[in-house]
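Undergrad: Per this note's numbering, the sequence shown starts with residue 753, numbered consecutively. C-beta atoms are modelled at their ideal positions from N, C-alpha and C, and glycine is treated no differently. None of the values given here were measured: they were computed from a predicted structure.
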Amino acid sequence: MAKLFLFAIGGTGSRVVKALTMLMASGVDIKNTDTIIPIIIDPDSANGDLTRTVDILKLYKEIREKGSSPDTGFFQVKLSSLDELGDQRFVSDNFKFDIDGVKEQLFKEFIGYSELDRNNRAFASLLFSKANLEADMEVGFKGNPNIGSVVLNKFKDSEFFRKFASNFEQDDRIFIVSSIFGGTGAAGFPLILKNIREARSPLPHHHFLQNARIGAVTVLPYFGVDKNEQTSIDSNTFISKTKAALSYYARNVSGNNTINALYYIGDKVTNDHKGADGAHEQRNKAHFIELAAALSIVDFMELPDADLQVDQGRAVGPRFYEFGLKKETAAIGFDDLATRTYDLIARPVTRYSLFRNFMEHHYEAISVNRSEAWASNGNNKLASGEMDSRYKAAIHQFNKHYAEWLTEMAGSNVAFRAINPQQSGKDLYNLVNSKPAKKGVLKSLFQGTGVDSFLGALSKKEPEFDHLQNTKKLLALFYHTTAEVTEKEIGI
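Right, dumping it as structure tokens:
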């Protein structure tokens, strides 16, 4: 089946990929592909947003490799690094594209400013301010797309780009995630798009790249930064930079039909993020806008090939989209989502949240009790002592990231509060806000509620999946049990 090459540019790109990974873990279906290759482009290799996302991607891969099967929807889509493709037989979890020369040089050294003659130095000084020329690029471009456009143009000459081209096939697709109000994303998106559409020999598969089906989401301002001594970034410039970038895109992206499908999303700017120029200090909290942006990738992959035709490097009938809610609110629950969005995420996110809750708050204590049929029956037992310790650790670490993601979104200026990640007691079924579990006298008397009812449902289904190795059995059993509980007990 066709592959999706997912380019994520800058900090926003990393955070959107994180949101997509959480959705894929929960079982959100990605059409027309069985493999996604994330390629993160960020000169700031120590960026907290980037390092956290890379950690999540690696955990997802480990869990999927040990636990995925046709019997589960959790962790179903394969993630691969570029190094793993083709016949190179080189296994690597490197999801980042490293830009040569960024870490060791100031921008003026990168462009060879001192080696220019007097007239060309004067011309360069017209294009770049003194602060631009003296910029240390190790933590990114600090909201300067004019610097980013020069540095990122090296992408087309890199071995990384050649490797990407070598593995790109005719039916594969490309999606680019970037923000428009910073430096890395605003510069990187049109450059990558241009380099793909203008691919030429001797680049491998250049004809496939020229006519590739390409989608993108451009994230408009949706947060501001608190101005302090740790940052040179000024949120007051976000709107003016966005207007300038949109004007450029109107001529060189949407205006010249180089993109098949372009998604726009943004929100009002509030100074709710601690300012930091980069490195580990740049670790922004998750935001609902990033979740919505991730859904643009899901939507793009659902578009049929007939809607994404390309003729001689130009999209035929390009499409443009925005995201909307059913009703405007500062605290979004499942019922506030448009019908299509609700259908995409409500059940999967609820199912995985049930699984996470049980694994984090109940699994160890309950599975030690050998009388629990779901944990002790069959040939492939699910009790804690029977499970691969590294597999359990990977699930635990991923679940910590998942809960953190939900908690951070619940606190953003447009809060996503469909799930209560703090729910930890036996009342397991009430973790969906605004959707209290169904209650009844007979159910309370004979079936129990919450964890007790869930244990009974697990034990009833356990024999159906005993043919699976226990790491695979765990995901399959919980996927199907949570599906039943989500529908019958919670009503989603």
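Can you have a look at Glu1241 and say buried or exposed, based on whether 16 or more other CB atoms are within 10 angstroms of its CB?
TA: Position 489 of the sequence shown holds residue 1241. Burial call: buried.
Undergrad: I'd like to check one pair, Phe907 with Ile944: are the Cβ atoms closer than 9 Å?
TA: Indexing the sequence shown from 1 puts residue 944 at position 192. Indexing the sequence shown from 1 puts residue 907 at position 155. Contact: yes.
Undergrad: With three or more C-beta pairs closer than 8 Å as the rule, is the segment 800-808 touching the segment 1072-1084?
TA: Judged by Cβ distances under 8 Å, the segment 1072-1084 makes no contact with the segment 800-808, as fewer than three pairs qualify.
Undergrad: Starting from Glu1074, follow its DSSP beta bridges and name the residues at the other end.
TA: In the sequence shown, counting from the first residue as 1, residue 1074 sits at position 322. According to DSSP, Glu1074 bridges with Tyr1016.
Undergrad: Ignoring anything shorter than 4 residues, give me the alpha helix (DSSP H) runs that lie fully in the segment 1063-1130, in order along the chain.
TA: If we require 4 residues or more, the alpha helix (DSSP H) runs fully inside the segment 1063-1130 come out as 1091-1113, 1115-1119, 1125-1128.
Undergrad: In or out: Lys1020 buried (at least 16 other Cβ within 10 Å) or exposed?
TA: Counting from one through the sequence shown, the residue named residue 1020 turns up at place 268. Label assigned to Lys1020: exposed.
Undergrad: Report the start-end ranges of each beta strand (DSSP E) in the segment 771-815 that is 3 residues or longer and not cut off at the edges.
TA: Here the runs fully enclosed are 787-793.
Undergrad: Near Phe1075, which residues of its chain fall below 6 Å by C-beta distance, leaving aside the five closest residues on each side in sequence?
TA: Taking the sequence shown and counting its residues from 1, the one referred to as residue 1075 is at position 323. If we look at Phe1075 and ignore the five residues flanking it on each side, its Cβ neighbours are Ile1017, Ala1044.
Undergrad: Between Asn1004, Leu831, Ile1244, which has its C-alpha nearest Ile782's C-alpha?
TA: Residue numbering aside, residue 782 sits at position 30 when the sequence shown is read from its first letter. Nearest option by C-alpha distance: Leu831.
Undergrad: Output the distance between the C-alpha atoms of Ser930 and Leu998, rounded to the nearest integer angstrom.
TA: For the purposes of this step, residue 930 is taken as the residue at position 178 of the sequence shown. For the purposes of this step, residue 998 is taken as the residue at position 246 of the sequence shown. Cα to Cα, the separation comes out at about 13 Å.
Undergrad: Identify the residues that DSSP records as bridge partners of Lys849: which are they?
TA: What you label residue 849 is simply residue 97 of the sequence shown in a count that begins at 1. With the sequence shown as reference, residue 849 is identified as Phe, and Lys is not the correct amino acid for it. Paired residue(s): Ile793.
Undergrad: Do three or more CB pairs link the segment 1139-1150 to the segment 808-828 at distances below 8 Å?
TA: As far as the Cβ criterion goes, the segment 1139-1150 touches the segment 808-828, which means the pair count is three or higher.
Undergrad: Distance, Cα to Cα, Ile789 vs Ala939?
TA: Taking the sequence shown and counting its residues from 1, the one referred to as residue 789 is at position 37. Taking the sequence shown and counting its residues from 1, the one referred to as residue 939 is at position 187. Cα to Cα, the separation comes out at about 22 Å.
Undergrad: What are the start and end residues of the alpha helix (DSSP H) that includes Phe933?
TA: Your numbering for residue 933 matches position 181 in the sequence shown. Premise fails: Phe933 is in no alpha helix (DSSP H) and is neither H nor E.
Undergrad: Which residues in the same chain as Ala1125 place their Cβ atom closer than 7 Å to its Cβ, once the five residues preceding and following it in sequence are excluded?
TA: Here the question's residue 1125 lines up with position 373 in the sequence shown. Answer for Ala1125: Ser1211, Glu1214, listed in chain order.
Undergrad: Can you tell me the Cα-Cα spacing of Gly864 and Asp924, whole angstroms?
TA: Translated into the one-based positions of the sequence shown, residue 864 becomes position 112. Translated into the one-based positions of the sequence shown, residue 924 becomes position 172. In a straight line, the C-alpha of Gly864 is about 38 Å away from that of Asp924.
Undergrad: Using 10 angstroms around the beta-carbon of Lys770, count the other beta-carbons present and answer buried if the total reaches 16, otherwise exposed.
TA: Taking the sequence shown and counting its residues from 1, one reaches residue 770 at position 18. By the 10 Å Cβ count, Lys770 comes out buried.
Undergrad: Could you tell me which of Lys1178, Ala1162, Asp869 sits nearest to Ile716, measuring between CA atoms?
TA: Residue 716 lies beyond the range of the chain shown here (753 to 1244); nothing can be said about it.
Undergrad: For Asn784, which residues from the same chain have a beta carbon less than 7 Å from its beta carbon, with the 5 sequence-adjacent residues on both sides left out?
TA: Against the sequence shown, residue 784 aligns to sequence position 32. The answer, listed in chain order, is Ala754, Met1053.
Undergrad: Could you tell me if Ala966 is buried or exposed, where buried requires 16 or more neighbouring beta carbons within 10 angstroms of its beta carbon?
TA: For the purposes of this step, residue 966 is taken as the residue at position 214 of the sequence shown. For the record, residue 966 in the displayed sequence is Ile; it is not Ala. Ile966 should be labelled buried.
Undergrad: Please list, in chain order, all residues of the same chain as Lys1224 whose beta carbon is under 6 Å from its beta carbon, the five residues on each side excluded.
TA: Numbered from its first residue, the sequence shown carries residue 1224 at position 472. These residues qualify, in order along the chain: Gly819, Ser821.
Undergrad: Does the distance from the CB of Phe1072 to the CB of Ala1013 come in under 9 Å?
TA: Locating residue 1072 in the sequence shown gives position 320, where the first residue counts as 1. Locating residue 1013 in the sequence shown gives position 261, where the first residue counts as 1. A contact, by the Cβ cut-off of 9 Å.
Undergrad: With distances taken from CA atoms, which of Ala777, Asn1222, Ser1105 is nearest Val1184?
TA: Here residue 1184 is taken as the residue at index 432 of the sequence shown, counted from 1. Looking at the Cα atoms, Ser1105 is the closest of the given residues.
Undergrad: By the 10 Å Cβ neighbour count, where 16 or more other Cβ atoms means buried, how is Pro1056 classified, buried or exposed?
TA: For this step, residue 1056 is matched to residue 304 along the sequence shown. Pro1056 comes out exposed.
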